[in-house]
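Reading through the structure tokens given below for one structure.
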Amino acid sequence: MTTKAFLLGECDNIGALLDRTLRFDYGLEGSFEFYEECSARLGILQSELNAVDPANLPQVGILSRGLAELTQLICRIERSSIGEYSWPFVEELKRIAASICTEATIDDPDAPLKVYVLAEGALDAYCIYHERLRPSYAKRRLLTIVFPKTLKHFVLLHSILGHEIGHAIFGCTKHQATLVKDVLSHLTHVGGAFETAAATAAHIFSNTVPPSVLADLSSRGATEANLFVEFSDWSSWWEELLCDVIGLVSFGPAFVAAECSLLYSLDVTGLGVGPYHPLVAWRINLLRRGAKLLGLDLLPENDSPLKEAMQEFWNYIDTFVKNDPWCDVLDDAEFLAALNGAEKLLSLHKPAAYPPPSFEAMEKMLSAIHRLVPPVGFAVDSQGEPHCDNVDFRHILYVGWIESRRQNGSGTTFSIVNKLCEHAIMQQRAISIALEGGM
Amino acid sequence: MGALSKSAFQERLKGGSLVVSPILSGKQLGRSSIDLRMGTVALMSRAGSQSHVDPRAYIATPGPPQHAKVQVKQQKHERHEVPYGRDLLLHPGSLVLVPTLEWVQLPYDLQGIVTARSCWAREGLNIATATIINPSYRGIITLELANFGEIPIRLFPGLRLAQIALYSLDFVGDVQPDAATHGQFDLSFEPAAGNVSLGDEVFLKLGSLDKP
Amino acid sequence: MSIISQNYVDDSNLIAKRFASIVATYFEGATEVRDGSARVPLENLYRILEMYRFDAYRDEDRKGVLALHVSESRYDRSRNNENWQAGIAAALSQSLEAFYRNVPKETAIAELQESLRSVARGQPLPPDQSRKAHGFFERFGQLV
């Protein structure tokens, strides 16, 4: 049996697999679109295999790899049927993704990427992965959102997906060009630590480097000359910074808190020099500064429980900031310009940009969650009549974080606060439906 | 003990001692009850390999939980997410547990009784038992929906399926308002199977092989 | 442990080449674009033209969900794919020069994408536009 014949048999197997799996109603939006897309991919692979000369080994190899990838994809989409993720949060995330993660196709200049969701992996499993732009056997690209399996209801931590949305946005061709011009150019500005790989390496190995960092790098044989050749990918580093910027302008304070909690739980010193991400300490310091530059940490003018609780929250965030100037890698003016550039792009694609909250609404929501009531835009007026208001889910998350950090909080667990916020996001969707429907 | 009229429960809602959140429309406020909407999760009973409900299986035993017991309990219901706009088909004779959309908190001196709204009852939909919501309860209310009709019923999250009437309690002597006790379903975010043996273990262990 | 370990190979050039030759046949009217799979080459070339339009080629290079990776602890130099597009971009430039000389880049790309759209929808094209598009994709397929 030739390789070609064997692979043609595998095409039949994949077709049967598709029928056994994606014909079912998986996911909350069904699976027909994924079935259609995978069928199209299988179809082109099969027709190419039929046409290929068995002696054309490079081409046969490409088709073999294409079949393997397709099979993995089908299995992954099938696994999304298990669910085990927070669908209220996913619905909101998809709304953001649909507004900005789009691609130009033959039929639609702004076609949203098709999304499927998985729950698997550990704390570091958060990911939004967009299929590659370069030529492949895909008709339409898919977006995969991954949540850690253990964190189903932990919507406060899910805020970290603002960073991952950044990767997806950067993977949209027209937005990539804008982000390079309006954001990256400032992150990599002339004279800054990220101007070039050499500049970043020079900063790392400067005479103010923390001894533990130097010791770690030396133990691995890393030097200023070979750091971004043998050990780390500089372009990944700046892309990760760019995605942190997008996370901040898309998810606001909740993003900052989520990054602090998750990143420092995975790298407890914050000073690890990894292959694809800049140091955690640099990132957190930047995010805290960014929150200040954007006014995200503004407090209400008058004294109130909200003001006191918000102050406590930002004091908590400040405990993650390292006072070592070596950890501050960007100039304020350029960083603010980068933030403004990102905000400008996201503002054009509602609801991608984080909207400023109303302190009045926040006060009511904080009071609710303090009493263990899901914080939504709902109140009973002085006449005893119910009133509903639209509230952005990211404000629910912000309130959740504030309550979770309060000294005189409700005393409940972080898990319950997360569940209350998740429940609130679900209820708030009902409020939006009711308001849109004129109820 | 008396049933609260609309003005009475509106006072309580205003003051915050009674919470029903969110109330999407003023039309939910009846003369002596508040309509409740279906939430977005459904637990359907699943026969599986169980031949009968055995209260003895719920008795807590010393040491780590027995795997088989926990497995049976967890697999008794099939859990479905039912997002807005999607439906749940309730077949004749079926029982499904759904949460209310509303989060409810009762003060220590009120009790709630949940029944089906009569328009749905006429279609065959029933809250299987008249559910009593205890004072100081906090959480969603579980609606045990049964279809007594001849044909399946399509249900959607957001539909007003039930109503809660509120009753004030009579007390003898002083009662400390903050001495609240919370039952086994306190802070429920979705329906869950209960423990039918709780408090009755002595009767279940009579003549059984499971000695106390 | 898997039964085999393979080096990463970037197939994009060869796939682009193959798709370009397929699409050229669409313009000859030799193949009908009926089903979803026949659209795959068209959509891919449409995407390539978009990337060329915006000069935006940075691509997802994380091993990502499909590869079931855990925290990446080592730098994999083979993943460095900053220049994956070099051959494709060069071939696009030369093909544009050959068939759309003196036409602004934006206009030429818009016309080519419109041609792909017409083929996908089975709509007739003006003969000159069809000839140029056919020539472009045929040349591109030869050069990449």
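Protein chains in written order, with my numbering: chain A, 1 to 439; chain R, 1001 to 1212; chain F, 2001 to 2144.
The beta carbon of each residue, even a glycine, is placed where N, CA and C say it ideally should be.
Give a yes or no on whether the minimum CB-CB distance between residue i and chain A is below 9 angstroms.
i: Gln-1163/R; result: no
i: Tyr-1137/R; result: no
i: Leu-2116/F; result: yes
i: Ala-2086/F; result: no
i: Ser-2095/F; result: no
i: Leu-1159/R; result: no
i: Tyr-2057/F; result: yes
i: Ile-1023/R; result: yes
i: Pro-2041/F; result: yes
i: Pro-1083/R; result: yes
i: Gly-1002/R; result: no
i: Thr-1131/R; result: no
i: Met-2001/F; result: no
i: Ile-1141/R; result: no
i: Ser-1005/R; result: no
i: Val-2070/F; result: Confidence is the limiting factor: at Val-2070/F the pLDDT is only 46, short of 50, which leaves the residue's position unreliable and the question unanswerable from this model.
i: Leu-1187/R; result: yes
Would you call residue i buried or exposed, if buried means 16 or more other Cβ atoms sit within 10 Å of its Cβ?
i: Asn-285/A; result: buried
i: Gln-383/A; result: exposed
i: Asp-2061/F; result: buried
i: Tyr-129/A; result: buried
i: Glu-131/A; result: buried
i: Ile-317/A; result: buried
i: Asn-2044/F; result: buried
i: Cys-11/A; result: buried
i: Ser-1118/R; result: exposed
i: His-387/A; result: exposed
i: Ala-1003/R; result: exposed
i: Val-2070/F; result: Unreliable positioning characterises Val-2070/F in this predicted model, as indicated by a pLDDT of 46, which lies under 50. The coordinate reading is nonetheless provided below. With fewer than 16 other Cβ atoms within 10 Å, it is exposed.
i: Phe-228/A; result: buried
i: Ile-2003/F; result: exposed
Using a Cβ-Cβ distance cut-off of 9 angstroms, determine whether residue i contacts chain F.
i: Lys-114/A; result: no
i: Arg-65/A; result: yes
i: Glu-230/A; result: yes
i: Arg-132/A; result: yes
i: His-167/A; result: yes
Could you have a look at residue i and say whether DSSP puts it in helix, strand or coil?
i: Leu-1018/R; result: coil
i: Glu-37/A; result: helix
i: Tyr-2075/F; result: coil
i: Asp-2061/F; result: coil
i: Met-1/A; result: coil
i: Ser-1188/R; result: strand
i: Thr-440/A; result: Residue 440/A cannot be examined here, being either before or after the span of chain A that is shown, 1 to 439.
i: Ala-138/A; result: coil
i: Arg-1012/R; result: helix
i: Asp-1035/R; result: strand
i: Asn-56/A; result: coil
i: His-167/A; result: helix
i: Gly-43/A; result: helix
i: Ala-379/A; result: strand
i: Thr-173/A; result: helix
i: Phe-147/A; result: strand
i: Asn-340/A; result: helix
i: Thr-1215/R; result: Only positions 1001 to 1212 of chain R appear in the structure, and residue 1215/R is not among them; the question remains open.
i: Ile-433/A; result: helix
Would residue i count as contacting chain R if we go by Cβ distances under 9 angstroms?
i: Val-376/A; result: yes
i: Met-439/A; result: yes
i: Ile-416/A; result: yes
i: Trp-87/A; result: yes
i: Lys-441/A; result: With chain A covering only 1 through 439, there is no way to say anything about residue 441/A.
task: Would you check if the segment 113-126 of chain A and the segment 370-390 of chain A touch, i.e. whether three or more CB-CB distances between them fall below 8 angstroms?
output: no
Practice problem: Compile a chain-ordered list of the residues in the segment 421-435 of chain A whose CB is closer than 8 angstroms to at least one CB of chain F. | Solution: none
#### Entry: Residues, ordered as in the chain, of the segment 373-398 of chain A that lie near chain R by beta-carbon distance below 7 angstroms
Cβ contacts with chain R: Val-373, Pro-374, Val-376, Phe-378, Val-380, Ser-382, Gly-384, Glu-385, Pro-386 and Cys-388.
Would you call the segment 301-311 of chain A and the segment 200-209 of chain A touching, i.e. three or more CB-CB distances under 8 angstroms? no
ask   = Do the segment 159-175 of chain A and the segment 410-424 of chain A make contact, defined as three or more Cβ pairs closer than 8 angstroms?
value = By the Cβ criterion, the segment 159-175 of chain A is not in contact with the segment 410-424 of chain A, since fewer than three pairs of Cβ atoms, one from each stretch, lie closer than 8 angstroms.
Evaluate contact between the segment 389-400 of chain A and the segment 148-162 of chain A, counting only Cβ atoms and requiring at least three cross-stretch pairs below 8 angstroms.
-> Yes, they touch.
- Is the segment 35-46 of chain A in contact with the segment 5-22 of chain A, if contact means three or more CB pairs nearer than 8 angstroms? Touching, yes, given that three or more Cβ pairs across the two stretches are closer than 8 angstroms.
Check your understanding: Using 8 angstroms as the Cβ pair cut-off and three pairs as the minimum, do the segment 189-200 of chain A and the segment 219-239 of chain A touch?
Key -> yes
Do the segment 1008-1028 of chain R and the segment 1097-1111 of chain R meet, that is, are 3 or more Cβ pairs less than 8 angstroms apart? yes
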